[in-house]
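Colleague:
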Amino acid sequence: PAVWTVNRQFIKPVTAKAGGMSWALMLHPDGLECDIFITHAWQEGVYEFVDKVLHSWPRKGRHAYCCMLSNPQNLDIGSLISSPS
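What follows is the structure, encoded as C-alpha cells:
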C-alpha cells in the first residue's frame, strides 16, 4: 500500500482515538531528540519506504523525524495554508 493509504486507514484513526497527537508523541509523550531527517512521497509504497530507511540508516543514528509520523495527521491546517487576507 502507499504511504497515503497507510496514513488514512491506520495512522489517522489510531492517533485520533488516542487523542489526536502525532504517532511519535503517542509512543513517546516526552519526545525524542532526532538526529536523522527522513522524507517520503505520499504515493510511495510503504514497504519500499521501510526498505530504503533501513538500508540507509546511519550506523550511529538513534531517532528519526519523519513528517507522516511526527506531525499530527488529524490537525486541521486550513488556516495555516490559506491565502493572507
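Quick note: to get the working numbering, add 1076 to the position in the sequence shown (first position is 1). Just so it is clear, CB atoms sit at the ideal spot from N, CA and C, and this is done for glycine as well. Here the structure is a predicted model, which means the values were calculated and not measured.
(1) Measure the C-alpha to C-alpha separation of Val1082 and Leu1151 and round it to an integer number of angstroms.
(2) Do His1131 and Cys1110 have their beta-carbon atoms positioned less than 7 Å apart in this structure?
(3) Report the option in Asp1106, Ile1112, Gly1154 and Ser1098 whose CA atom is closest to the CA atom of Arg1135.
(4) Considering only C-alpha positions, which residue in the set Ile1153, Ser1098 and Ser1158 is nearest to Cys1142?
(5) Which residue from Asp1106, Ser1158, Val1079 and Pro1160 puts its Cα closest to that of Trp1118?
(6) With a threshold of 16 other CB atoms inside 10 Å of the CB of Leu1103, please say whether the residue is buried or exposed.
(7) Just grab the DSSP bridge partners of Cys1142 for me.
(8) In three-state DSSP terms, what is Gly1137?
Modeller: Let me lay it out:
(1) By 1-based counting over the sequence shown, the position of residue 1082 is 6. By 1-based counting over the sequence shown, the position of residue 1151 is 75. Cα to Cα, the separation comes out at about 17 Å.
(2) Numbered from its first residue, the sequence shown carries residue 1110 at position 34. Numbered from its first residue, the sequence shown carries residue 1131 at position 55. Their beta carbons are not under 7 Å apart, which means Cys1110 does not touch His1131 by this criterion.
(3) As a first step, residue 1135 is located in the sequence shown; it is residue number 59 there, counting from the start. Of Asp1106, Ile1112, Gly1154 and Ser1098, the residue nearest in Cα terms is Ile1112.
(4) The count along the sequence shown starts at 1 and reaches residue 1142 at position 66. The residue with the shortest Cα to Cα distance from Cys1142 is Ser1098.
(5) Along the sequence shown, one-based indexing puts residue 1118 at 42. When only C-alpha atoms are compared, the closest one is Val1079.
(6) The sequence position of residue 1103 within the sequence shown is 27, counting from 1. Leu1103 is exposed by the Cβ-count criterion.
(7) As a first step, residue 1142 is located in the sequence shown; it is residue number 66 there, counting from the start. Bridge partners of Cys1142: Ile1114.
(8) Along the sequence shown, read from residue 1 onward, the residue named residue 1137 stands at position 61. In the structure shown, Gly1137 sits in coil (DSSP, three-state: anything other than H, G, I, E or B).
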